[in-house]
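S.K.:
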């Protein structure tokens, strides 16, 4: 009947996650677009670092929303490996562009519950995941 004691990601938490991810992006010298959303996929914090690809702004938001709504990292399903062109197009079309099979979106989890997600774009997929993971690791310090 009721849900009690649901952890929520605050703006302060989103800013700390964003700062840790930005620091990682600076450390690897790749300007990034970084989005942090709540568990429903609504934007809490965003930065576009100087020099980050403008075309990656929406991609970072899509990665964050997808990770929050699916409660799993963006990217190919573990069973299928790398996504085929049909899977990539199909996922995007079926969700009106709201989900993506491109890596770089990670859920933010506290006590087994998704409280939000981080999406990163502008580098390679490995760089995007690395920067997103820095944000996840920052949350773990406080969870």
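In our numbering, the protein residues as written are 1373 to 1515. Idealized CB from N, CA, C, for every residue including glycine.
(1) Between which two residues does the beta strand (DSSP E) harbouring residue 1407 extend?
(2) Taking the continuous alpha helix (DSSP H) assigned at residue 1501, which residues delimit it?
(3) Tell whether a beta-carbon distance below 8 Å holds between residue 1414 and residue 1406.
(4) Below 8 Å on the Cβ atoms is my guess for residue 1503 versus residue 1440; work out the distance and round it to an integer in Å.
(5) Could you give the C-beta distance for residue 1403 and residue 1424, rounded to a whole number, given that I count them as a contact under 8 Å?
(6) Pull up the CB-CB distance for residue 1480 and residue 1491, whole angstroms please, since I reckon it's below 8 Å.
M.R.: Walking through what the data contain:
(1) As a working mapping, residue 1407 is identified with position 35 in the chain shown. Per DSSP, residue 1407 belongs to the beta strand (DSSP E) from 1405-1410.
(2) The count along the chain shown starts at 1 and reaches residue 1501 at position 129. Unbroken alpha helix (DSSP H) run through residue 1501: 1497-1512.
(3) Position 42 of the chain shown, counting from 1, holds the residue named residue 1414. Position 34 of the chain shown, counting from 1, holds the residue named residue 1406. No, the pair does not count as a contact, with Cβ atoms beyond the cut-off.
(4) Translated into positions along the chain shown, residue 1503 becomes position 131. Translated into positions along the chain shown, residue 1440 becomes position 68. So it is not a contact: roughly 17 Å between Cβ atoms.
(5) Taking the chain shown and counting its residues from 1, the one referred to as residue 1403 is at position 31. Taking the chain shown and counting its residues from 1, the one referred to as residue 1424 is at position 52. Residue 1403 to residue 1424, Cβ: 4 Å. Contact.
(6) What you label residue 1480 is simply residue 108 of the chain shown in a count that begins at 1. What you label residue 1491 is simply residue 119 of the chain shown in a count that begins at 1. Rounded, the Cβ-Cβ distance is 11 Å, inconsistent with contact.
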